[in-house]
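For this note's numbering, count along the sequence shown from 1 and bump the result up by 1. No residue lacks a Cβ here, since even glycine has one placed at the ideal position from N, Cα and C.
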Amino acid sequence: QQINLILTDNQLKTLILKGKTSVLKGFKSKAGTAFDAALEFKEGRVGFLK
Numbered sequence: 002q003q004i005n006l007i008l009t010d011n012q013l014k015t016l017i018l019k020g021k022t023s024v025l026k027g028f029k030s031k032a033g034t035a036f037d038a039a040l041e042f043k044e045g046r047v048g049f050l051k
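Encoded structure:
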């Protein structure tokens with residue numbers, strides 16, 4: 002799954018250091034529906050926090 006969102010320097014720093022971000026706005030599903038989600042960095046990959 003591809004994440005099409007540009008992170009700020011602070012968001013990227015938080016993702017790397019803490020392993021997750023706060024909830025970010027502006028994602029779009031494959032169907033085109035907008036949604037908000039946090040990201041996690043786990044096992045060398047970035048994904049949506051579950």
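Item	Value
Can you say whether T22 is buried or exposed, counting buried as having 16 or more other CB atoms within 10 angstroms of its CB?	buried
L8 by DSSP, collapsed to three states: which one?	coil
May I ask you to report which of helix, strand or coil DSSP gives K26?	strand
Nearest CA to the CA of Q12: which residue from G33, L40, F28, N5?	L40
For L40, which three-state DSSP category applies?	strand
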